[in-house]
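To get the numbering used here, take the position in the sequence shown, counting from 1, and add 4.
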Amino acid sequence: MTVWGRNLQSETSFAPSDCWAMRRGQIYHGNSSKPGLTCRHIKKPFSGHYFEVPMMASGEMIGVLHIEQGEETVPLENIRDLAHALADHLSLSLSNLKLRETLRIQSIRDALTGLFNRRYMEESLAREIPRAMRKNTPVGIIMLDIDHFRDFNNTYGHEAGNVVLREIGAQLQTQIRGEDITCRYGGEEFILILPEANQEVTLQRAERIREAIKSIRVEYHRQPLGVITVSLGVAIFPEHSSTVEGILEKADEALYIAKHNGRDRVEIASIS
Numbered sequence: 005m006t007v008w009g010r011n012l013q014s015e016t017s018f019a020p021s022d023c024w025a026m027r028r029g030q031i032y033h034g035n036s037s038k039p040g041l042t043c044r045h046i047k048k049p050f051s052g053h054y055f056e057v058p059m060m061a062s063g064e065m066i067g068v069l070h071i072e073q074g075e076e077t078v079p080l081e082n083i084r085d086l087a088h089a090l091a092d093h094l095s096l097s098l099s100n101l102k103l104r105e106t107l108r109i110q111s112i113r114d115a116l117t118g119l120f121n122r123r124y125m126e127e128s129l130a131r132e133i134p135r136a137m138r139k140n141t142p143v144g145i146i147m148l149d150i151d152h153f154r155d156f157n158n159t160y161g162h163e164a165g166n167v168v169l170r171e172i173g174a175q176l177q178t179q180i181r182g183e184d185i186t187c188r189y190g191g192e193e194f195i196l197i198l199p200e201a202n203q204e205v206t207l208q209r210a211e212r213i214r215e216a217i218k219s220i221r222v223e224y225h226r227q228p229l230g231v232i233t234v235s236l237g238v239a240i241f242p243e244h245s246s247t248v249e250g251i252l253e254k255a256d257e258a259l260y261i262a263k264h265n266g267r268d269r270v271e272i273a274s275i276s
């Protein structure tokens, strides 16, 4: 809740069921001289008048405007009209903010898996690498690829492949810390950015991810889709490269080695 003015006679935090305007979906006028049905969030004893106006956007209630008048110095109809006008203005502003945030999320999230997308990954690395340089800390990079995913799509169909991608995305979310960044790099490739994770920690995390994905059992139309495995390449900033492009190339090289050496394994980049 945002408050303007002093000595508000309403609680600053309350449930929708405590407010008659929110329960009814229409403006509500409270009057201490004619108590009637007073909202439960109004402090006792209450003096004066108050108006509660639901703020609506696209048919959805996004908040409520609460206006109080102590002594009756302004006609109540004027207060009521002002409350309506303010609620309409605030509803439009909040709706625009919500739309802007929705569009921002859509621009950085992969629609299928809900993970961050390649654009956000590139922006994040461009931010994390300079930060790590200033703090003299490492950054772990894990690049993983689903083994034989093309054959899987050919056997079960692309919709089943999408189910697998979503399941892996969900599994990756359970394997990260709050500061880690998980992205769908493209197709069946994913990247994890692990700030302040050294080689030992990043390799351990990669191995846990490999085992976790191998343990999941995915069904499509009640048909088991078999064991899913991934190959993973690990690179560490600054041991393997001191640039964004270089660290991604090193992780990709390690991933290629994992594929070449039989898949379903973790490989660390070489130091050149």
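Cβ coordinates follow ideal geometry from the N, Cα and C atoms, glycine included.
| query | result |
| --- | --- |
| Those residues which DSSP pairs with residue 186 across a bridge | 196 |
| Simplified DSSP state of residue 22, which is helix, strand or coil | helix |
| For residue 112, three-class secondary structure by DSSP | helix |
| C-alpha distance - residue 214 paired with residue 139, whole-angstrom precision | 30 Å |
| Which of helix, strand or coil DSSP assigns to residue 256 | helix |
| Residue range of the beta strand (DSSP E) that includes residue 72 | 64-73 |
| Neighbourhood of residue 45 by C-beta distance below 7 Å, restricted to the same chain and skipping five residues each side | 14, 15, 18, 22 and 23 |
| Where residue 165 sits in the DSSP three-state scheme | helix |
| Span of the alpha helix (DSSP H), counted from its first residue to its last, around residue 238 | Looking at the DSSP string, residue 238 is not in any alpha helix (DSSP H); the run it does join, the beta strand (DSSP E), is 234-241. |
| Touch test, the segment 231-239 against the segment 205-213, Cβ-Cβ under 8 Å, three pairs minimum | yes |
| Start-to-end residues for the beta strand (DSSP E) that takes in residue 35 | 32-35 |
| Close-in-space but distant-in-sequence residues of the same chain around residue 26 (CB under 7 Å, 5 per side omitted) | 20, 58, 65 and 68 |
| Cα-Cα separation, residue 268 to residue 115 | 27 Å |
| 6 Å CB neighbourhood of residue 125 in its chain, flanking five on each side removed | 187 and 195 |
| Host alpha helix (DSSP H) of residue 133 (start-end) | 122-139 |
| Residue 149: first and last residue of the uninterrupted beta strand (DSSP E) it sits in | 143-150 |
| Reduced DSSP secondary structure (H/G/I, E/B, other) of residue 57 | strand |
| Cutoff 7 Å; reference residue 248; Cβ partners in own chain excluding five residues on either side | 129, 130 and 133 |
| Counterpart residues of residue 223 in DSSP-defined beta bridges | 228 |
| Nearest residue (CA-CA) to residue 51, options 192, 119, 243 and 37 | 37 |
| The segment 238-255 contacting the segment 149-163, beta-carbon criterion three pairs below 8 Å | no |
| Chain-order list of residues whose beta-carbon lies under 7 Å from that of residue 94 (same chain, five-residue window excluded) | 59 and 69 |
| Residue nearest to residue 207 in terms of C-alpha spacing, selected from 104, 238 and 199 | 238 |
| Residues that DSSP places opposite residue 14 in a beta bridge | 46 |
| Three-state secondary structure (DSSP) of residue 251 | helix |
| Host beta strand (DSSP E) of residue 272 (start-end) | 270-272 |
| Through-space distance from residue 41 to residue 72, alpha-carbon basis | 16 Å |
| Closest residue to residue 146 among 63, 189, 169 and 161 (Cα-Cα distance) | 189 |
| Contact under 7 Å by Cβ, residue 224 with residue 164 | yes |
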